[in-house]
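So the sequence lines, in the order shown, correspond to chains A and B.
Residue 374 in the numbering used here sits at position 374 of the first sequence, with consecutive numbering throughout.
Throughout, the numbering used here is defined as the position within the second sequence, counted from one, plus 1000.
Using N, Cα and C, we set each Cβ at its ideal position, and we do this for glycine too.
For reference, the structure is listed below as structure tokens.
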Amino acid sequence: MPDSPIRFLQGNEVLADAALYAGLKFFAGYPITPSTETAERLSYLLPRVGGKFIQMEDELSSMCAIIGASLTGLKAMTATSGPGFSLMQEAIGYAVMAEIPCVIADVQRGGPSTGLPTRVSQGDVMQARWGTHGDHSIITLTASNHQDMFTMTVEAFNLAETFRTPVILLFDEVLAHMREKVTIPEKDEIPIVDRLVTSVPRGTDYHPYFPREDGRLPMSDFGGSHRYNVTGLFHDMWGFPTDKPDVVNELMHHLVNKIENRVSIIQRYKEYHIDDAETLLISYGSAARSARHIMEDRRKVGMNIGMLELQTLWPFPRQLVQEKTKNAKYIVVVEMNMGQIENEVRASVNHSDSVYLANRVDGQLITPTDIKNFLRIIHGRGI
Amino acid sequence: MICRFVFSGSGGQGVITAAIIMAEAAVYHGGLNAVQTQSYGPEARGGAARADVILSSEEIQYPKVDRPNILICLSNLAYSKYTWLVRPGGVVFIDPHIIKTRRTADARQVELPLYENCLEALGTTLPMNICLLGCLSRLVGLVTPEALEKVIENRFSGKNAEMNIKALHLGVDLVTRLPEMPPIQFL
């Protein structure tokens, strides 16, 4: 319905539309279930806005291509699933080290390896955090419905530009293949962060890694006004390799601190009935839909149950989780993996023995009834 | 109000398309919330096809349909696989030309002669799925034939649109020739 902002779309299509809203101009990817529809949609929508779509030979080259495109000044993204995400890890590390803004959408399916191509999982949470080698920090966002998917995708581009970092969008098969109503925001309804371009004039020395007073690093479109070096090696403010201990030490702290010191402004979350919650569910992604379903259902029969939905997974909002869980007697992490976020929650709360895991790892979406049964066991009421 | 549908059949019958069209009609022209999911394996075609739709006036959380109010079966495989899922008070819609019926589940079975009617009136059974939507718009309500028509016009063009709209009205009329039946229950 062209006149109305209401759309009924598949999650993958929402991802594509939101990326265009955020100013995407370059997509390189290799199709893989369950993320293929994003590439399909962008292959005909991107050229219409003067952007470039390219299907690469594999995921390694896809990731490298978006790094190159971003350096030249374009907002760039790729979309993949677990097996492809594994192949991208090396170049993600390069983007971290060279501080190149880009967005990587990982639509999670069952793993490891080729796993379950058409079934849901949330097994890539730790891979998003530590998939690439070496100490680093990274931003990872997720969502549980199409409206939030839209917002988080735009936010991902904004955070990538603000912090000059790769940002990972961690969605899953259920969200990506499901169709749901989404209201496309008006232009400028969600603020867009554009590339911070250096004011250093052409022909003058430009230092690509020399921060402004506010700590941000203005960029210069590669191949444009300035000559500079980009490398995956530890580098100085000119971008040239160095192994001077003080420079290396400073860069390492910069790469980690630029994100870890700003958790409070990166964290996105939703909360429901936290105040009186004796039992607190913590969930994210499509699992959060089932968690919210059972929370609302149980409140109707008088259970004091609330929910915290995480939308920023990395950097993990430890302080937030500690604060929100301080009155809860039972903290139940609902996720579709063997406890990847449960471990983070356990490390964040005051009493780690009050943390329980309610999970499902058979390729099926965890159901409200599954969670209800977990709660019965946790509350000591049998099955 | 919440009503859960499962459309099932074999690949190529258009059950998934029908589910999407109904959900679009509910969202675009009915002011309702809808969620549509489908399940499929790694194979490209054939086998069982299934699409779930939830229509609700409220926000929909859990997106899958474990126990449908309304089940539509257009293949024997789907019929034997899913009939037992139907909620008490729910209905199973089947095409008597395709399905060999058995009395199993605690649900009413309603026979919709889609195959015969489409073949007779349109000379093809291709738009059976749209004919089905015409029937549902009368029997279940929630989406109107007009809303469905708009979505079909938007989705198909030329001869396909024409044929599908004919099939839609065929379905609407078909219902008037069915025996009277009690209303379908959903919350």
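Cβ-Cβ distance between residue i and residue j below 8 Å
i, j, result
"A19/A", "M77/A", "yes"
"M1181/B", "V1092/B", "no"
"A1019/B", "A1026/B", "no"
"F157/A", "V107/A", "no"
"I274/A", "I331/A", "no"
"I1094/B", "A1051/B", "no"
"E90/A", "T132/A", "yes"
"P101/A", "S70/A", "yes"
"R268/A", "Q311/A", "yes"
"S144/A", "A79/A", "no"
"L1112/B", "L1132/B", "yes"
"M219/A", "V197/A", "yes"
"I259/A", "F163/A", "yes"
"M1001/B", "L1187/B", "yes"
"F210/A", "M252/A", "no"
"A287/A", "M336/A", "yes"
"V334/A", "I305/A", "no"
"P208/A", "Y228/A", "yes"
"G435/A", "L175/A", "There is no way to answer for residue 435/A, as the model of chain A reaches only from 1 to 383."
"I92/A", "P191/A", "no"
"L1055/B", "L1071/B", "no"
"P1127/B", "A1078/B", "no"
"R109/A", "S81/A", "yes"
"N1154/B", "G1014/B", "no"
"M149/A", "G11/A", "yes"
"L308/A", "L280/A", "yes"
"G1123/B", "H1169/B", "no"
"G224/A", "T231/A", "no"
Residue-chain proximity (residue i, chain B), Cβ-Cβ < 8 Å
i, result
"T198/A", "no"
"L24/A", "no"
"S35/A", "no"
"P368/A", "yes"
"D274/A", "Contrary to the premise, residue 274/A reads as Ile rather than Asp in this sequence. Output row for I274/A: interface = no."
"L308/A", "no"
"L375/A", "no"
"H293/A", "yes"
"L251/A", "no"
"L365/A", "yes"
"M1/A", "In this predicted model, M1/A has a pLDDT of only 49, less than 50, meaning its place in the structure is not dependable; the value taken from the coordinates is given anyway. Closer than 8 Å: yes."
"V361/A", "no"
Residue i at chain A interface by Cβ criterion, 8 Å
i, result
"R1081/B", "Before going on, a small fix: residue 1081/B reads as Lys here, not Arg. Chain A contact via Cβ: absent."
"Q1185/B", "no"
"Q1198/B", "Nothing in the structure corresponds to residue 1198/B, since chain B is present only between 1001 and 1187."
Nearest neighbour of residue i, chosen from the options [CA to CA]
i, options, result
"T1083/B", "L1174/B, L1187/B, F1007/B, L1168/B", "F1007/B"
"N327/A", "L320/A, E278/A, P315/A", "E278/A"
"V154/A", "R376/A, N145/A, V103/A", "V103/A"
"F1161/B", "G1171/B, E1149/B, V1172/B, L1170/B", "The amino acid occupying residue 1161/B in the given sequence is Ala; Phe does not appear at that position. Of G1171/B, E1149/B, V1172/B, L1170/B, the residue nearest in Cα terms is E1149/B."
"S1080/B", "N1129/B, R1102/B, P1096/B", "R1102/B"
"A22/A", "Q364/A, G68/A, D188/A, Q127/A", "D188/A"
"P117/A", "I190/A, Q364/A, V167/A, R292/A", "Q364/A"
"I160/A", "V96/A, K52/A, H146/A", "With the sequence shown as reference, residue 160/A is identified as Ala, and Ile is not the correct amino acid for it. Taking only the C-alpha atoms, the option nearest A160/A is V96/A."
"I1099/B", "L1032/B, S1010/B, R1004/B", "S1010/B"
"S43/A", "A16/A, C64/A, L60/A, A65/A", "A16/A"
"N1117/B", "V1172/B, I1070/B, R1155/B", "V1172/B"
"T114/A", "H136/A, P83/A, S121/A, M126/A", "P83/A"
Closer than 7 Å: residue i CB and nearest the ligand HEM heavy atom
i, result
"N229/A", "The ligand HEM is absent from the structure shown, which contains no ligands of any kind."
Closer than 8 Å to chain E by CB, residue i
i, result
"S283/A", "Annotation note: the requested chain E is absent from the structure, which comprises protein chains A and B."
Check: Which residues, taken in chain order from the segment 169 to 185 of chain A, show a beta carbon closer than 8 Å to some beta carbon of chain B?
Finding: V174, H177, M178, R179, E180, K181
Next item on the list: Could you please tell me which residues of the segment 1015 to 1036 of chain B, in chain order, have their CB closer than 8 Å to any CB of chain A?
Entry: I1020, A1023, E1024, V1027, Y1028, N1033, A1034, V1035, Q1036
Notebook entry, point to check: Quick one, which residues of the segment 277 to 291 of chain A are near chain B if we go by CB-CB under 8 Å, in chain order?
Noted result: S286, R289, S290
Notebook entry, point to check: Got a sec: which bits of the segment 1062 to 1073 of chain B sit with their beta carbon under 9 Å from any beta carbon on chain A, in order along the chain?
Noted result: Y1062, P1063, K1064, D1066
Notebook entry, point to check: Mind listing which residues of the segment 4 to 17 of chain A have their C-beta closer than 8 Å to chain B's C-betas, in chain order?
Noted result: S4, I6, F8
Item checked: Members of the segment 1099 to 1128 of chain B that neighbour chain A once the beta carbon cut-off is set at 9 Å -> none
Note to self: Counting beta carbon pairs with one atom in the segment 1058 to 1066 of chain B and one in the segment 1163 to 1182 of chain B, are three or more of them shorter than 8 Å?
What the structure shows: Result no; under three Cβ-Cβ pairs closer than 8 Å.
Check: When the Cβ atoms of the segment 174 to 187 of chain A are set against those of the segment 196 to 203 of chain A, are three or more pairs found closer than 8 Å?
Finding: no
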